[in-house]
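A quick write-up on the structure given underneath.
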Amino acid sequence: MSDEESRTEEPRPTGVSRKTLLRAAMIAPAVPLLAGVPALARTPSGQPLAATPESCDDDDLTPPQIEGPYFKPGSPLRTSIADGPGTALTLTGYVVGLACQPIAGALLDFWQADNGGNYDNVGNRFRGHQLTDTQGKFTLTSIVPGLYPGRTRHIHVKVQAPGRPILTTQLYFPNEPRNSTDTLYDPALLMNVQIVGSGRQATFDFVLNIQGTPPSPSPTPTKTTSPTPPTGGTWAPYVAYALGAQVTYGGLSYACQIAHTSLPGWEPPNTPALWRRV
Ligand SMILES: [Fe+2]
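Residue numbers 1 to 278, in UniProt numbering, belong to the letters of the sequence shown in order.
Printed below as a string of structure tokens:
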């Protein structure tokens, strides 16, 4: 399947070198401008990371990869997708833009194989989506996915800043024998993985082709306290939608799959995890 996002949505930035800024921050991490993105260049112990971006230059954009045959829309909203036995895995990181600015409210939809290398194509085992916090941070709790024929070990993910195109990609594990034979494998998508006790702790930062800051997911003064509109209402931002609520948008009807308060950029066609066509 071809689900690659366009990476030419916006012109390339010019002027100030973000790499210079970030490296300055690595020397003086208390610089307020860069507060909130410490994981970009450091492990929890403060050591520089080798596998995650050390800057947010154009060259560091997270590359897209094919979706593959096992994506399913409508995954549950949750940060833990550890639905079976396996080696515990915690993945943390940030979603940032071209200036290393954190992207709050970015949607991350993860799916992976279970310990035996099988995808749940009926239910939602080992599937889940979440939103980055105000610092652009996310945390996924799962297990190390099993291997299946033809592929090296990997985790699938879709990443979407509010109102922006979806980045579909895959994350890989270091020191996997099959990395050298999997034609999809891309070292730019290697997680930094450490063995901690009997589990694994991984980090990865997504760098999206975004300049500036997308609409804030934080409530604004224009937020209303409108109840879920009656069936047939038109979708609107800043509305608390309940599970099952139906709206129209662009002449089409949608049903709410997850209770949430809508935000600009979360229009139903942009958020298939939240809205289902009816
Ligand atoms: Fe896969």
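Note that CB positions come from ideal geometry on N, CA and C, so glycine has one too.
- Query: In whole angstroms, what is the alpha-carbon distance linking Gln112 and Gly233?
  - Reply: The straight-line gap from Cα to Cα measures roughly 36 angstroms.
- Item | alpha helix (DSSP H) runs wholly inside the UniProt domain "Chitin-binding type-3" (232 to 278), at least 4 long, in chain order | Scanning the UniProt domain "Chitin-binding type-3" (232 to 278) for uninterrupted alpha helix (DSSP H) segments of 4 residues or longer gives nothing; none is fully contained.
- Item | Asn115 in three-state terms, based on DSSP | DSSP places Asn115 in coil when its eight states are reduced to three.
- What is the rounded straight-line gap between the Cα of Gln170 and the Cα of Thr79? Annotation: Gln170 to Thr79 spans about 17 angstroms, alpha carbon to alpha carbon.
- Query: Which word fits Arg12, buried or exposed, when buried means at least 16 other C-beta atoms lie within 10 angstroms of its C-beta?
  - Reply: Residue placement at Arg12 is poorly supported in this model, since its pLDDT is 30, which falls under 50; the coordinates still yield a value, given next. With fewer than 16 other Cβ atoms inside 10 Å of its own Cβ, Arg12 counts as exposed.
- Query: Going straight from the alpha carbon of Pro102 to that of Gly68, what length do you get?
  - Reply: Pairing Pro102 with Gly68, the inter-Cα distance amounts to about 28 angstroms.
- Message: Helix, strand or coil, according to DSSP, for Arg178 in the structure here?
- Response: Arg178 falls in the helix class under three-state DSSP.
- Query: Among all the DSSP beta bridges, which residues are the ones paired with residue 361?
  - Reply: A query on residue 361 cannot be resolved here, the shown segment of the chain reaching from 1 to 278 and no further.
- Query: Which stretch, first to last residue, makes up the beta strand (DSSP E) that contains Gly199?
  - Reply: Counting along the chain, the beta strand (DSSP E) containing Gly199 begins and ends at Gly199 to Thr203.
- Query: Quick one, are the C-beta atoms of Gln211 and Ala99 less than 9 angstroms apart?
  - Reply: Yes, these two residues count as a Cβ contact at 9 angstroms.
- Query: DSSP beta-bridge partners for Gln170?
  - Reply: Paired residues: His156.
- Could you work out which residue in Cys56, Asp83, Asp57 and Thr87 is closest to Gly197 when comparing CA atoms only? Among Cys56, Asp83, Asp57 and Thr87, the Cα nearest to that of Gly197 is on Thr87.
- In whole angstroms, what separates the C-alpha of Leu108 from that of Gln160? About 7 angstroms.
- Please determine, among Pro237, His129, Gly117 and Cys56, the residue with the shortest C-alpha to C-alpha distance to His154. Out of Pro237, His129, Gly117 and Cys56, the CA that lies nearest to the CA of His154 is found in Gly117.
- Message: I need the straight-line Cα distance from Tyr249 to Val193, nearest angstrom please.
- Response: About 42 angstroms.
- Query: Got a sec? Which residues, its chain only, sit under 6 angstroms from Val207 by beta carbon, not counting five neighbours each side?
  - Reply: Cβ within range, chain order: Pro53, Cys56, Asp60, Leu61, Thr62 and Val96.
- List the DSSP bridge partners of Val207. According to DSSP, which records beta bridges pairwise, Val207 is partnered with Val96.
- Query: With Leu140 and Leu189 assumed to form a contact (beta carbons below 8 angstroms), what rounded beta-carbon distance in angstroms separates them?
  - Reply: No, Leu140 and Leu189 are not in contact; Cβ-Cβ is about 15 angstroms, not under 8 angstroms.
- Task: Take Cys256 as the anchor and find which of Arg276, Pro269 and Met191 has the nearest alpha-carbon.
- Result: Here the closest residue by C-alpha is Arg276.
- Tell me, to the nearest whole angstrom, how far the beta carbon of Val239 is from that of Ser262; I am working on the premise that it is less than 8 angstroms. In this structure Val239 is in contact with Ser262, their Cβ atoms being roughly 5 angstroms apart against a cut-off of 8 angstroms.
- Query: Does the separation of the CB atoms of residue 279 and Asp182 fall below 9 angstroms?
  - Reply: Since the first and last residues shown for the chain are 1 and 278, residue 279 lies out of range.
- From the DSSP output, in three-state form, read off Asp109 for me. Note: Asp109 maps to strand in three-state DSSP.
- Message: Taking 8 angstroms as the cut-off, is the C-beta of Tyr94 nearer than that to any heavy atom in ligand 1?
- Response: For ligand 1, not one heavy atom lies less than 8 angstroms from the Cβ of Tyr94.
- Verify the contact flag: Ala113, CB atom, against every heavy atom of ligand 1, threshold strictly below 8 angstroms. It does: the Cβ of Ala113 is within 8 angstroms (strictly closer) of some heavy atom of ligand 1.
- Message: Would you say the beta carbon of His129 is closer than 8 angstroms to some non-hydrogen atom of ligand 1?
- Response: For His129, the Cβ stays outside the 8 angstroms cut-off from all heavy atoms of ligand 1.
- Message: Please report the straight-line C-alpha distance between Pro164 and Trp235, rounded to a whole angstrom.
- Response: The question names Pro, but residue 164 in the sequence shown is Arg. When rounded, the distance between both Cα atoms is 18 angstroms.
- Can you tell me whether Leu89 is buried or exposed, with buried defined as 16 or more other CB within 10 angstroms of its CB? Note on Leu89: 16 or more other CB atoms within 10 angstroms of its CB, so buried under the neighbour-count rule.
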